[in-house]
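Quick notes on the structure that follows.
Number of protein chains: 2
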Amino acid sequence: MLLSRSSGNGFCTLQRTCWLREMPWRNCPPTYWVRLPFCAHSTWNSAGSRRRRLMVAAGAGLGVCSILAYGNHHWQAATAEPPTATTSFPRFTREEVARHHNEANRVWVTYGNDVFDVTNFLELHPGGKSKILLAAGGALEPFWALYAMHKQDHVQEILQEYKIGELSPEEPPLPSPDDPYANDPPRHPALRVNTLKPYNAEPPPELLAEYFLTPNQLFFKRNHLPVPVVDPEAYRLCIQSPSGQTLSFSLQDLKQNFPKYEVTATIQCAGNRRAELNAVQNTNRLGWNIGAISNACWGGARLRDVLMQAGYQPGYDGHVSFEGLDKDHSGTVYGASIPFQKAMSPDVDVLLAYEMNGEELPRDHGFPLRVIVPGVVGARHVKWVARITVGPEESKSHWQQKDYKGFSSSVTWETVDFSKAPAIQEMPIQSAITEPSSKTSVSPGELKVKGYAWSGGGQRVIRVDVSLDGGKNWQEATLTGEEQLPGQAWAWKLWQLDTFVPPGTKELNIVCKAVDTSYNVQPERVEPLWNILGVLNNAWHQVRVPVEEE
Amino acid sequence: MLLSRSSGNGFCTLQRTCWLREMPWRNCPPTYWVRLPFCAHSTWNSAGSRRRRLMVAAGAGLGVCSILAYGNHHWQAATAEPPTATTSFPRFTREEVARHHNEANRVWVTYGNDVFDVTNFLELHPGGKSKILLAAGGALEPFWALYAMHKQDHVQEILQEYKIGELSPEEPPLPSPDDPYANDPPRHPALRVNTLKPYNAEPPPELLAEYFLTPNQLFFKRNHLPVPVVDPEAYRLCIQSPSGQTLSFSLQDLKQNFPKYEVTATIQCAGNRRAELNAVQNTNRLGWNIGAISNACWGGARLRDVLMQAGYQPGYDGHVSFEGLDKDHSGTVYGASIPFQKAMSPDVDVLLAYEMNGEELPRDHGFPLRVIVPGVVGARHVKWVARITVGPEESKSHWQQKDYKGFSSSVTWETVDFSKAPAIQEMPIQSAITEPSSKTSVSPGELKVKGYAWSGGGQRVIRVDVSLDGGKNWQEATLTGEEQLPGQAWAWKLWQLDTFVPPGTKELNIVCKAVDTSYNVQPERVEPLWNILGVLNNAWHQVRVPVEEE
Numbered sequence: 001m002l003l004s005r006s007s008g009n010g011f012c013t014l015q016r017t018c019w020l021r022e023m024p025w026r027n028c029p030p031t032y033w034v035r036l037p038f039c040a041h042s043t044w045n046s047a048g049s050r051r052r053r054l055m056v057a058a059g060a061g062l063g064v065c066s067i068l069a070y071g072n073h074h075w076q077a078a079t080a081e082p083p084t085a086t087t088s089f090p091r092f093t094r095e096e097v098a099r100h101h102n103e104a105n106r107v108w109v110t111y112g113n114d115v116f117d118v119t120n121f122l123e124l125h126p127g128g129k130s131k132i133l134l135a136a137g138g139a140l141e142p143f144w145a146l147y148a149m150h151k152q153d154h155v156q157e158i159l160q161e162y163k164i165g166e167l168s169p170e171e172p173p174l175p176s177p178d179d180p181y182a183n184d185p186p187r188h189p190a191l192r193v194n195t196l197k198p199y200n201a202e203p204p205p206e207l208l209a210e211y212f213l214t215p216n217q218l219f220f221k222r223n224h225l226p227v228p229v230v231d232p233e234a235y236r237l238c239i240q241s242p243s244g245q246t247l248s249f250s251l252q253d254l255k256q257n258f259p260k261y262e263v264t265a266t267i268q269c270a271g272n273r274r275a276e277l278n279a280v281q282n283t284n285r286l287g288w289n290i291g292a293i294s295n296a297c298w299g300g301a302r303l304r305d306v307l308m309q310a311g312y313q314p315g316y317d318g319h320v321s322f323e324g325l326d327k328d329h330s331g332t333v334y335g336a337s338i339p340f341q342k343a344m345s346p347d348v349d350v351l352l353a354y355e356m357n358g359e360e361l362p363r364d365h366g367f368p369l370r371v372i373v374p375g376v377v378g379a380r381h382v383k384w385v386a387r388i389t390v391g392p393e394e395s396k397s398h399w400q401q402k403d404y405k406g407f408s409s410s411v412t413w414e415t416v417d418f419s420k421a422p423a424i425q426e427m428p429i430q431s432a433i434t435e436p437s438s439k440t441s442v443s444p445g446e447l448k449v450k451g452y453a454w455s456g457g458g459q460r461v462i463r464v465d466v467s468l469d470g471g472k473n474w475q476e477a478t479l480t481g482e483e484q485l486p487g488q489a490w491a492w493k494l495w496q497l498d499t500f501v502p503p504g505t506k507e508l509n510i511v512c513k514a515v516d517t518s519y520n521v522q523p524e525r526v527e528p529l530w531n532i533l534g535v536l537n538n539a540w541h542q543v544r545v546p547v548e549e550e
Numbered sequence: 001m002l003l004s005r006s007s008g009n010g011f012c013t014l015q016r017t018c019w020l021r022e023m024p025w026r027n028c029p030p031t032y033w034v035r036l037p038f039c040a041h042s043t044w045n046s047a048g049s050r051r052r053r054l055m056v057a058a059g060a061g062l063g064v065c066s067i068l069a070y071g072n073h074h075w076q077a078a079t080a081e082p083p084t085a086t087t088s089f090p091r092f093t094r095e096e097v098a099r100h101h102n103e104a105n106r107v108w109v110t111y112g113n114d115v116f117d118v119t120n121f122l123e124l125h126p127g128g129k130s131k132i133l134l135a136a137g138g139a140l141e142p143f144w145a146l147y148a149m150h151k152q153d154h155v156q157e158i159l160q161e162y163k164i165g166e167l168s169p170e171e172p173p174l175p176s177p178d179d180p181y182a183n184d185p186p187r188h189p190a191l192r193v194n195t196l197k198p199y200n201a202e203p204p205p206e207l208l209a210e211y212f213l214t215p216n217q218l219f220f221k222r223n224h225l226p227v228p229v230v231d232p233e234a235y236r237l238c239i240q241s242p243s244g245q246t247l248s249f250s251l252q253d254l255k256q257n258f259p260k261y262e263v264t265a266t267i268q269c270a271g272n273r274r275a276e277l278n279a280v281q282n283t284n285r286l287g288w289n290i291g292a293i294s295n296a297c298w299g300g301a302r303l304r305d306v307l308m309q310a311g312y313q314p315g316y317d318g319h320v321s322f323e324g325l326d327k328d329h330s331g332t333v334y335g336a337s338i339p340f341q342k343a344m345s346p347d348v349d350v351l352l353a354y355e356m357n358g359e360e361l362p363r364d365h366g367f368p369l370r371v372i373v374p375g376v377v378g379a380r381h382v383k384w385v386a387r388i389t390v391g392p393e394e395s396k397s398h399w400q401q402k403d404y405k406g407f408s409s410s411v412t413w414e415t416v417d418f419s420k421a422p423a424i425q426e427m428p429i430q431s432a433i434t435e436p437s438s439k440t441s442v443s444p445g446e447l448k449v450k451g452y453a454w455s456g457g458g459q460r461v462i463r464v465d466v467s468l469d470g471g472k473n474w475q476e477a478t479l480t481g482e483e484q485l486p487g488q489a490w491a492w493k494l495w496q497l498d499t500f501v502p503p504g505t506k507e508l509n510i511v512c513k514a515v516d517t518s519y520n521v522q523p524e525r526v527e528p529l530w531n532i533l534g535v536l537n538n539a540w541h542q543v544r545v546p547v548e549e550e
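Keeping their order, the protein sequence lines are chains A and F.
Using full-length UniProt numbering, you'd call the opening residue of the first sequence number 1 and step up by one each time.
Using full-length UniProt numbering, you'd call the opening residue of the second sequence number 1 and step up by one each time.
Take a look at the structure:
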C-alpha cells in the first residue's frame with residue numbers, strides 16, 4: 001500500500017527541515033527502499049579499510065556520493081524491518097535531535113529509534129557536506145528511500161558505530177508518512193518495471209514493434225523523480241525574455257496563440273540496452289533491455305514560435321534550458337538544455353507538446369506540457385516543463401553536466417572528467433530484434449524476424465541487415481514507417497525479414513545491424529562500448545533461439 | 001617551365017618509380033622555395049659539431065623536424081640556382097639511381113646533376129627515417145621545395161660530402177602528345193600513385209597529418225578522367241534557370257558579382273582505406289591506403305547565392321546536378337548531384353570554389369572552378385564544373401547511379417540492385433593512424449602516436465581513443481584543429497597521443513577509433529564492412545609496430 005502524503009510543507013531548506021522534524025519516522029517503518037545503481041558495488045559491498053567504511057557510513061548518512069546523488073535511481077519496493085530498539089543508550093526527544101541541525105550544534109540524525117551524531121562524517125561524505133546536511137536534525141529514512149545503496153547490511157553496521165542514543169518513547173502522535181510517489185499515476189501492467197520509485201518501465205519486446213506509433217500506455221516511462229500533480233488551469237510556462245523579463249504563458253495561450261504542429265518522433269533513453277553493458281560489467285544503473293525507446297506523434301506549439309514571441313531571434317550561439325516541475329526533497333528540479341540553434345531551426349520542429357498520439361499528454365509523459373526535440377536523446381525532452389531560459393551555457397543541472405555523457409571504456413569513476421565529454425544530444429544509429437525472443441524457440445521452416453531501427457539527428461535508416469548465423473551471412477529486411485523529409489527522419493523504422501530456418505540448424509544466432517543515410521553503422525561488440533554510465537549501447541543486437549526438432 | 005608528362009602507363013609503384021626516373025629535375029630548377037616558420041633557426045644556421053652537421057645534413061635530405069609538422073606554411077617564390085655540374089665523378093642514369101630506393105640496395109638521391117648516397121644519414125634524419133626514404137631513388141628538389149631549411153649554404157655543403165656521382169646526360173625522350181593524359185599537370189613525387197592515368201594518388205601517411213591544411217601539392221588527387229585544359233578567359237559556367245533558360249557566368253562574374261566565402265573543409269574519397277577491404281577480398285578497385293583524405297581552405301562564391309541569382313528559391317525537394325569538363329573518349333563527362341536542400345542551406349556553404357589554400361585552384365583540383373560540398377563524400381565535389389541543372393532527380397551519371405553507394409557484405413555483383421542504395425553523401429565517422437608507420441619500428445620509452453579524424457555532415461569529432469594493445473586499454477588523444485560552429489565542423493581534427501611503450505612490449509598493436517557529436521563510433525572489424533565497391537571503410541585503424549630491443 002502506498003502511503004498518503006503529509007499535509008502541506010514547503011520547499012526551501014528551512015521549511016523542509018521543519019517538516020523533517022515533524023516526521024515521526026520511528027513509528028513509521030519505511031515502506032520502500034531504494035537500490036542505487038552506480039556506486040560501484042565493490043565499494044559498497046566489500047569490507048574495507050576504516051577510511052572506506054567511513055565513506056560508506058557518510059554515504060549512508062544521506063546516501064549519496066555525488067555520482068549517486070542524481071543518478072538513475074533503481075527503486076525497489078519492499079518492506080523494511082524497523083531497526084530494533086536497544087536500551088543502554090541515553091534517550092532524546094525529536095525536538096532535542098532537531099536542535100542538532102548544524103555543525104555548531106553538531107549534526108544528529110535518526111534512523112528508526114536510534115540517534116546518531118554524524119558530525120565527523122560531514123567532510124567525508126562522497127556526495128558533499130551539503131547533501132548530508134539535508135537530513136541534519138531529522139530522520140534518515142526519507143533520504144534512504146531515495147538512495148538505495150543503504151539497503152545493505154554493512155551500511156547499517158557502520159552507522160551503528162556513530163550511535164549516541166535512542167529516541168524517547170514519549171513522542172506526540174505521528175502523522176502518516178509521506179511517500180513522494182503516492183500520487184504517481186496508474187500504469188499498464190504489461191510494462192516491465194525497472195524501478196517503481198521513480199517509475200521506470202519499458203514495453204516487452206513482443207509488443208514494441210507491433211505498433212509504428214507506440215500506444216501511450218505502452219510508451220516507455222523514464223522518470224527521474226515523482227510525477228508532479230499539476231493543475232492545468234493554474235499551470236504557467238515561464239520564459240525569461242532577452243531583456244530579462246519573465247513572461248508567463250498559460251496552457252490556453254500556447255494552444256490558442258500559436259499554430260499547432262504535429263511531429264512523429266521517436267524518443268530513446270541513452271540507457272536503452274544497458275542490460276547488455278551491465279552483463280559485461282555492472283554499472284549499477286537501470287538495466288534497460290531493448291525497450292527504452294518508443295515512437296509517438298506529438299502535437300503542440302513550436303518552441304521556435306514561442307521563443308520568437310518572447311523576443312528571441314535566430315543566430316545566437318547559446319543554449320535553451322528547460323526546468324520541469326518534478327523535484328527532489330531538496331527542491332532540485334529536473335533540468336536539461338539543447339543548443340539554441342536547434343531550438344530555433346525551422347527544420348527541426350522542437351515542440352512544446354500538449355498532445356501525444358492525438359490524446360492529452362499523459363501525466364507520466366509530462367502533463368500538461370513537455371519538450372519534444374526530434375532526433376535527440378530522451379533526457380532533453382523535459383517533461384512537466386515550467387521554466388525556459390536562454391543563455392550562453394548549457395543547463396547547470398546534474399543531468400546535463402554529470403550524466404548522459406559518453407566516455408571510453410577505459411574511463412573509471414576515479415579518472416572521469418565530466419567536463420571533457422559533450423552532453424549527449426543526437427544519438428547514433430540503433431536497431432534491435434523484437435521477435436523472436438530469446439525466451440522462445442522457433443519451428444523449422446518459415447521464419448519471421450522483426451524489430452526496430454532508428455538514428456538520431458533526423459538521419460534516415462536506409463538498411464537493416466539480418467543474419468541468422470551470428471554475422472557470417474546477411475539478408476536485408478523490409479522497412480516500414482512514415483515517409484519523412486530528408487534530414488528530418490525523426491521516427492523509427494520497423495522492419496521485418498521473412499525467411500527460412502536453414503535446414504539442419506539447431507540454434508539460430510540472429511543478429512541485426514542498421515545503416516543510416518550517413519552510412520554510419522552499428523559497432524559489432526558490446527564490450528568496447530562499455531562505459532561507466534552505461535549509455536549509448538548500439539552494438540549489433542543478438543538473439544540466440546533454439547530451433548525445435550522437426 | 002613545368003614539365004609535360006611521360007607517356008608511361010600502368011598503376012603500380014614500379015611505374016611511379018619509372019615516372020620519377022623520367023622527371024628531368026636537373027634541367028628544371030625549382031621555381032620556388034619554402035620558408036617554414038618555427039624550426040629554430042639556431043639549429044640550422046650555426047656551424048656546429050660533426051654530429052650537428054650530420055643531423056643537419058640528414059634534415060637536409062628530406063627536411064622535417066617534427067616541429068615543422070604543424071606549421072603554417074609560408075611559401076615564397078624565388079629562383080634557385082641549379083647546382084653546378086662537376087666532371088670527376090662516375091655517371092649514373094636516373095634508372096640506376098632509382099634502383100637504390102631502399103636500405104638493402106642503399107639509398108641514393110639526386111639534387112641537380114649530383115647523385116648522393118644518404119644511407120648513413122637515414123637514422124640521423126630529424127624528421128625520421130620514413131620521411132627521408134620518401135625521396136629514395138629520386139630527386140630531392142620537390143621535397144626541398146616543401147621544406148625550406150635546405151635553402152642554406154651549409155646544408156649544400158654538407159650534402160656534397162655524400163656525393164657519389166653525377167647523372168648521365170642521356171635521358172629518355174619526353175612523352176608523346178597524343179596521349180589523352182599528356183596534358184595532365186606535373187605532380188609532387190611524394191605522392192603515392194594508385195593509378196597514373198587517370199591520376200590517383202595520395203600523400204604518404206608520414207606527411208598526411210603534418211599539416212592541418214594539406215599543401216595543395218600533397219592534397220590527394222582523385223581523377224576519373226584526364227585533366228581538362230581550360231582557358232580561364234573562355235570558361236563559362238552554365239546554369240539552367242527555373243524557366244529553362246541557360247544562364248552563363250564567366251569566372252570574372254563569379255569572382256566579382258558574388259561575395260567570396262572561405263570554408264575549411266576536408267574531402268575524403270569514399271574509397272579511402274580500400275586497401276584494407278581488398279585484403280579481405282579484392283574488389284579490383286583503387287587500393288587507397290589511408291591517404292584518400294585531405295583538408296584545405298576553399299574560397300569561392302556560394303552556390304546558394306548563384307542559384308538564387310539564377311532564379312531559384314529554397315524549399316524545393318529536388319537535386320542539383322553538376323557536370324565537369326573532364327570527359328572520356330565518348331564525350332561522357334563526369335557528373336554528380338547533391339540534394340537541392342543542401343545546396344541552398346545557409347548553414348552549409350556549398351561553394352563554387354576558385355581558390356584552394358589561398359592560391360588559384362590547381363589544375364588537378366578543378367581549375368578554374370569546382371564544387372565544394374562540406375561534409376560530403378569527395379565524389380560530389382565536382383571539379384572543372386561547367387554545367388549546373390536543378391531537377392526532381394539525382395544526376396543520371398554513372399558515378400551517382402552505379403558507383404559510390406554502400407551495400408552489405410553479402411551483396412554480390414550478381415545480386416546487386418543499385419537502385420536500392422542511396423548515393424553516398426555525408427560520410428561516417430573516420431580516423432586513422434599516420435605515425436608510427438607499420439614499416440618502422442619504435443624505441444622503448446616515449447612514444448608519439450599521430451593521426452587524423454573526421455566525420456561527415458558537419459559532425460564534430462569529440463574524441464579519439466588510442467590503444468597500444470589491440471583494443472584492450474584506451475588512452476585519449478589530444479585533438480587539434482580549427483574551431484568551427486556546431487554542426488559545421490567541416491574540417492578534420494589532427495590528433496596526437498604522447499605516451500610510453502609499456503615496458504617489456506615486443507610489438508605494439510596500435511589501434512585508433514573516433515567518436516563524433518552524435519556519438520557515432522567506428523566499427524571494429526573490416527570484414528563486416530566489406531562491399532563490392534570497396535567503399536566506406538571506417539573500421540578501427542590498426543598498425544602493428546615492433547619495439548626495438550633496449
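Glycine included, each C-beta is placed from N, C-alpha and C at the ideal position.
These numbers come from a predicted model, not from an experiment.
Query raised in the report: Quick one, which residues of the region 462 to 487 of chain A are near chain F if we go by CB-CB under 8 Å, in chain order?
Result: Ile-462, Arg-463, Asp-465, Gly-471, Asn-473, Trp-474, Gln-475, Glu-476, Leu-485, Pro-486, Gly-487
Query raised in the report: Which residue from A:Gly-335, A:Gln-245, A:Pro-362 puts its Cα closest to that of Lys-221 of chain A?
Result: Locating residue 221 of chain A in the first sequence gives position 221, where the first residue counts as 1. Residue A:Pro-362 is the option with its Cα nearest to Lys-221 of chain A.
Query raised in the report: In whole angstroms, what is the alpha-carbon distance linking Asn-72 of chain A and Asp-326 of chain A?
Result: For this step, residue 72 of chain A is matched to residue 72 along the first sequence. For this step, residue 326 of chain A is matched to residue 326 along the first sequence. Residue confidence is low: Asn-72 of chain A scores 29 on pLDDT, short of 50, so the model does not pin down where it sits. Its coordinate-derived value is still stated next. Cα to Cα, Asn-72 of chain A sits roughly 14 Å from Asp-326 of chain A.
Query raised in the report: Which term fits Gln-313 of chain A, buried or exposed, when burial requires 16 or more other beta carbons within 10 angstroms of its beta carbon?
Result: Within the first sequence, residue 313 of chain A is the residue found at index 313, counting from 1. So Gln-313 of chain A counts as exposed.
Query raised in the report: Tell me which same chain residues have a C-beta within less than 7 Å of the C-beta of Ser-168 of chain F, skipping the five on either side of it?
Result: Start at 1 with the first residue of the second sequence, and residue 168 of chain F comes out as number 168. Sequence-distant partners of Ser-168 of chain F (beyond 5 residues in either direction) whose C-beta falls short of 7 Å from its own C-beta, in its chain, are Arg-91, Phe-92, Thr-93.
Report task. Please find out if some non-hydrogen atom of the ligand GTP comes closer than 7 Å to the beta-carbon of Leu-208 of chain F. Result -> The ligand GTP is not part of this structure, which contains no ligands at all.
Query - Reduced DSSP category for Trp-399 of chain F - H, G, I as helix; E, B as strand; rest coil - result: Position 399 of the second sequence, counting from 1, holds the residue named residue 399 of chain F. If DSSP states are grouped into helix, strand and coil, Trp-399 of chain F belongs with the helices.
Query raised in the report: If we count the other Cβ atoms within 10 Å of its Cβ and call it buried at 16 or more, is Gln-400 of chain F buried or exposed?
Result: Looking up residue 400 of chain F in the second sequence gives position 400. So Gln-400 of chain F ends up on the buried side.
Requested in this report: Spell out whether any CB of chain A is found under 8 Å from the CB atom of Pro-429 of chain F.
Outcome: Along the second sequence, one-based indexing puts residue 429 of chain F at 429. Before going further, note that residue 429 of chain F is Ile rather than Pro in the sequence given. Yes, contact with chain A.
Report task. For chain F, find out if any of its Cβ atoms is closer than 8 Å to the Cβ of Pro-502 of chain A; answer yes or no. Result -> Here residue 502 of chain A is taken as the residue at index 502 of the first sequence, counted from 1. No - not a single Cβ of chain F is within 8 Å of the one on Pro-502 of chain A.
Query - Helix, strand or coil at Ala-275 of chain A according to DSSP, with G and I counted as helix - result: Here residue 275 of chain A is taken as the residue at index 275 of the first sequence, counted from 1. Three-state DSSP puts Ala-275 of chain A in a helix.
Query raised in the report: In three-state terms, what does DSSP make of His-100 of chain F?
Result: In the second sequence, residue 100 of chain F corresponds to position 100, counting from 1. Coil, per DSSP.
Report task. Whole angstroms is fine: what's the gap from residue 566 of chain A's alpha carbon to Lys-129 of chain A's? Result -> Nothing about residue 566 of chain A can be reported from this structure: the residues present for chain A run from 1 to 550 only.
Query raised in the report: Helix, strand or coil for Val-193 of chain F per DSSP?
Result: In the second sequence, residue 193 of chain F corresponds to position 193, counting from 1. Three-state DSSP puts Val-193 of chain F in a strand.
Query raised in the report: Taking Cβ positions, are Ser-455 of chain A and Pro-428 of chain A nearer each other than 8 Å?
Result: Taking the first residue of the first sequence as position 1, residue 455 of chain A is located at position 455. Taking the first residue of the first sequence as position 1, residue 428 of chain A is located at position 428. In this structure, Pro-428 of chain A lies closer than 8 Å to Ser-455 of chain A by Cβ.
Requested in this report: State the Cα-Cα distance for the pair Gln-268 of chain F and Thr-440 of chain A, rounded to the nearest angstrom.
Outcome: Working through the second sequence from its first residue, we reach residue 268 of chain F at position 268. Working through the first sequence from its first residue, we reach residue 440 of chain A at position 440. Spanning the two alpha carbons is a distance of roughly 46 Å.
Requested in this report: Report buried or exposed for Thr-264 of chain F, applying the criterion of at least 16 other Cβ atoms within 10 angstroms of its Cβ.
Outcome: What you label residue 264 of chain F is simply residue 264 of the second sequence in a count that begins at 1. It is buried - the Cβ of Thr-264 of chain F has at least 16 other Cβ atoms within 10 Å.
Query raised in the report: Relative to the C-alpha of Phe-418 of chain F, which residue among F:Asn-509, F:Phe-407, F:Pro-523 is closest?
Result: Within the second sequence, residue 418 of chain F is the residue found at index 418, counting from 1. For Phe-418 of chain F, the closest C-alpha among the options F:Asn-509, F:Phe-407, F:Pro-523 is that of F:Phe-407.
Query raised in the report: Quick one: is Tyr-211 of chain F buried, meaning 16 or more other Cβ sit within 10 Å of its Cβ, or exposed?
Result: Residue 211 of chain F sits at position 211 when you count from the first residue of the second sequence. The residue in question, Tyr-211 of chain F, is buried, as its Cβ has 16 or more Cβ neighbours within 10 Å.
Query raised in the report: Are the C-beta of Glu-141 of chain A and some C-beta of chain F separated by less than 8 Å?
Result: For the purposes of this step, residue 141 of chain A is taken as residue 141 along the first sequence, with counting starting at 1. Residue contact check for Glu-141 of chain A against chain F: no CB pair falls below 8 Å.
**Report entry** Within-8 Å CB hit, Asn-520 of chain A to chain F
**Finding:** One-based indexing of the first sequence puts residue 520 of chain A at position 520. It does: the Cβ of Asn-520 of chain A has a partner Cβ on chain F nearer than 8 Å.
**Report entry** Under 7 Å by beta carbon: chain A residues contacting Pro-392 of chain F
**Finding:** Reading the second sequence from its first residue, position 392 is the one you call residue 392 of chain F. Chain A residues near Pro-392 of chain F: none, gap ~13 Å exceeds 7 Å.
Report task. Quick one: list the residues of chain A neighbouring Leu-536 of chain F, beta-carbon separation under 8 Å, in chain order. Result -> In the second sequence, counting from the first residue as 1, residue 536 of chain F sits at position 536. By Cβ distance, chain A contributes Tyr-519.
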